[in-house]
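Novice: Chains as they are written, first to last, in this note's numbering: chain A, 1 to 248; chain B, 1 to 198.
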Amino acid sequence: MARYDRAITVFSPDGHLFQVEYALEAVRKGNAAVGVRGTDTIVLGVEKKSTVKLQDSRSVRKIVSLDDHIALACAGLKADARVLINRARIECQSHRLTVEDPVTVEYITRYIAGLQQKYTQSGGVRPFGLSTLIVGFDPYTGVPSLYQTDPSGTFSAWKANATGRNSNSMREFLEKNYKETSGQETIKLAIRALLEVVESGGKNIEVAVMTNEGLRQLDEAEIDAIVAEIEAEKAAAEAAKKAPAKET
Amino acid sequence: MECVFGMVGKGFALVVADTSAVNSILVHKSNEDKIMVLDSHKLMGASGEAGDRAQFTEYVQKNVALYQYRNGIPLTTKAAANFMRGELATALRKNPYMVNIVLAGFDRDTGPSLYFIDYIATLHKVDKAAFGYGSYFALSMMDRHYHQDMTVDEAIRLAEQCIEEIRSRLVVAPQNFVIKIVDEDGAREHSWRRTTRD
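(1) Under 7 Å, Cβ to Cβ, is there at least one residue of chain B near Q93 (chain A)?
(2) Can the beta-carbon of R37 (chain A) be found less than 7 Å from the beta-carbon of L146 (chain A)?
(3) On the three-state DSSP scale, how would you describe C74 (chain A)?
(4) Just to confirm, is the Cβ distance from L139 (chain B) to V126 (chain B) under 7 Å?
(5) Grouping DSSP H, G and I as helix and E and B as strand, with all else coil, what is H147 (chain B)?
(6) Using the C-alpha atoms, what's the distance from E196 (chain A) back to V99 (chain A)?
(7) On a Cα-Cα basis, can you pick out the residue from B:H41, B:G45 and B:R167 that is closest to K34 (chain B)?
(8) So what does DSSP say about Y119 (chain B), is it helix, strand or coil?
(9) Can you tell which of B:K128, B:T110, B:K94 and B:D109 has the C-alpha that lies nearest to the C-alpha of I101 (chain B)?
(10) Could you tell me the alpha carbon to alpha carbon distance between F173 (chain A) and A160 (chain A), rounded to whole angstroms?
(11) Rounding to the nearest angstrom, what Cα-Cα distance links I200 (chain B) and V143 (chain A) in this structure?
(12) Closest by CA to A113 (chain A), which one among A:L72, A:T186 and A:V198?
(13) What beta strand (DSSP E) runs, 3 residues minimum, are completely inside the region 141 to 223 of chain A?
(14) Can you name the residues of chain B whose CB is closer than 8 Å to the CB of L251 (chain A)?
(15) For the pair the region 61 to 80 of chain B and the region 218 to 228 of chain A, tell me if three or more CB-CB distances fall below 8 Å.
(16) Inspect the beta-carbon positions of L44 (chain A) and A208 (chain A) and report whether they are closer than 7 Å.
(17) Specify, as a first and last residue, the run of the alpha helix (DSSP H) that D127 (chain B) falls within.
(18) Buried or exposed: where does V172 (chain B) fall if 16 or more other Cβ atoms within 10 Å of its Cβ makes it buried?
(19) Quick check: is the beta carbon of R216 (chain A) nearer than 7 Å to any beta carbon in chain B?
(20) Would you verify that the beta carbon of R96 (chain A) is, or is not, closer than 7 Å to some beta carbon of chain B?
(21) Is the region 18 to 25 of chain B in contact with the region 175 to 190 of chain B, if contact means three or more CB pairs nearer than 8 Å?
(22) Suppose contacts are defined by Cβ-Cβ distances below 7 Å. Is F5 (chain B) in contact with A130 (chain B) by that definition?
(23) Are there 16 or more other CB atoms within 10 angstroms of the CB of V109 (chain A), so buried, or fewer, so exposed?
(24) Of the choices A:R126, A:T104, A:F128 and A:G164, whose alpha-carbon is the least far from that of Y140 (chain A)?
(25) Could you tell me which chain B residues have their CB closer than 7 Å to the CB of I263 (chain A), listed as they occur along the chain?
(26) From R108 (chain B) to E184 (chain B), what does the alpha carbon distance come to, in whole angstroms?
(27) I'd like to know if K62 (chain B) contacts chain A, where contact means its C-beta is closer than 7 Å to some C-beta of that chain.
(28) Count the other CB atoms, across all protein chains shown, that sit within 10 Å of the CB of R200 (chain B); report buried if there are 16 or more and exposed otherwise.
(29) When burial is assigned at 16 or more other CB atoms within 10 Å of the CB, is E206 (chain A) buried or exposed?
(30) Going along chain A in order, which residues have a C-beta closer than 7 Å to the C-beta of E58 (chain B)?
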């Protein structure tokens with residue numbers, strides 16, 4: 001199969017686009033990212049590798065705003081992410097200019113996915129090495145949405161999803177524990193999913209909350225407080241499990 | 001017939017514009033808002049060709065918003081003024097925008113500022129500015145009564161005096177005016193001066 005992975009416009013005999021699959025590998029090596037949709041809140045969480053001491057952490061924002069009502073988190077090649085995010089931001093403003101309406105979450109997701117697909121069907125270019133989680137509230141209807149795109153250019157809507165490193169474990173956790181939540185419960189669910197694969201602590205996680213009012217980045221102290229709550233709940237659950245056994 | 005003017009006061013800037021939309025002898029509407037809120041702390045009063053006015057001001061507004069998303073901080077008033085001037089200058093020798101703009105803004109570190117931007121891409125930072133036939137009267141009035149560090153009430157009083165002059169001395173005076181103000185709390189509509197209801 002070595003002959004079929006140089007120019008990505010070429011299919012392999014068994015119908016694979018190897019460059020796209022290799023791009024998905026790049027995503028699998030990227031930092032963990034999770035998104036959870038609640039009834040009035042959507043939460044994005046991203047793993048933050050313990051900051052290199054001299055780096056100014058404010059310059060590495062992993063969850064970004066595309067518009068007032070749309071935010072994006074991604075896993076994979078960060079340099080590719082910059083390019084996609086820039087194009088998406090321009091498209092958000094361009095849409096506002098031409099139709100005097102903000103974009104819907106589905107529109108901008110379709111745009112980003114379309115862009116990712118274009119680069120799987122052009123000569124001399126490689127696909128974008130990232131999967132994105134796009135969240136937002138649709139204008140006028142106020143319906144919350146969470147979408148995911150990947151390097152092949154496919155996209156779909158999710159109630160909760162994870163991408164990047166150990167995304168399978170996170171997704172399993174979410175499948176087991178997902179239920180309709182709102183407000184603080186949604187934030188806790190997202191952080192619990194992330195804590196399955198990330199070292200616990202406020203400095204290893206970046207969390208942003210999207211509500212009708214806009215995007216709010218949680219600061220370290222807030223995250224630490226919620227993590228402490230979660231640990232306490234876990235400990236209480238453990239104790240409850242052990243206690244009845246003792247009584248018998 | 002269109003009239004836009006503005007002035008800087010103590011910790012704020014004011015922009016006043018007429019609200020008539022006219023086509024030769026017909027007044028389409030007399031409550032057309034020509035002062036666009038560019039972002040939280042900038043006001044852009046525009047006069048000139050109606051289509052160009054809407055097109056150019058909306059284009060600038062979206063580009064200012066894009067800058068903010070890309071860079072995480074808003075443009076300064078000076079930067080926005082220069083961006084506008086650049087766009088006007090680039091289009092000038094091909095397909096000029098027939099729009100005159102009074103840009104008022106408040107920046108946290110430099111305070112209020114006012115910019116006069118002509119349709120041929122003239123840019124001046126000023127304390128008082130005016131466009132249109134009404135400018136003859138507004139500028140004279142402001143030359144006489146304007147002073148540094150006016151309070152909001154003094155500035156509104158001066159704006160009313162300008163409007164009075166325009167109404168009484170201009171043969172086809174606009175009927176209604178809108179006053180918008182920008183200070184450290186942001187850009188917002190202040191009040192209207194109406195002679196007719198739409």
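Glycine included, every Cβ here is placed at the ideal spot set by N, Cα and C.
Computed from a prediction, not measured in an experiment: that's the story for all the values here.
Specialist: So, from the listed chains and residues:
(1) yes
(2) A contact, by the Cβ cut-off of 7 Å.
(3) strand
(4) no
(5) coil
(6) 43 Å
(7) B:G45
(8) Looking at Y119 (chain B) - three-state DSSP - the assignment turns out to be coil, as it is neither helix nor strand.
(9) Among B:K128, B:T110, B:K94 and B:D109, the Cα nearest to that of I101 (chain B) belongs to B:K128.
(10) 10 Å
(11) The question about residue 200 (chain B) has no answer here: the residues shown for chain B are numbered 1 through 198.
(12) A:L72
(13) 144 to 149, 155 to 157, 160 to 163, 205 to 211 and 214 to 217
(14) Absent from the model: residue 251 (chain A). The displayed extent of chain A is 1 to 248, so no value can be given.
(15) Touching, no.
(16) yes
(17) Run containing D127 (chain B): none; DSSP gives neither H nor E here.
(18) exposed
(19) No, because no Cβ of chain B sits closer than 7 Å to the Cβ of R216 (chain A).
(20) yes
(21) yes
(22) If you check the CB distance, F5 (chain B) and A130 (chain B) come in under 7 Å.
(23) First, the residue type needs correcting, since residue 109 (chain A) is Thr and not Val in the sequence shown. By the 10 Å Cβ count, T109 (chain A) comes out buried.
(24) A:T104
(25) Here chain A has residues from 1 to 248 only, and residue 263 (chain A) is not among them.
(26) 7 Å
(27) yes
(28) Because chain B here runs from 1 to 198, residue 200 (chain B) falls outside it and cannot be looked at.
(29) buried
(30) Simply L97.
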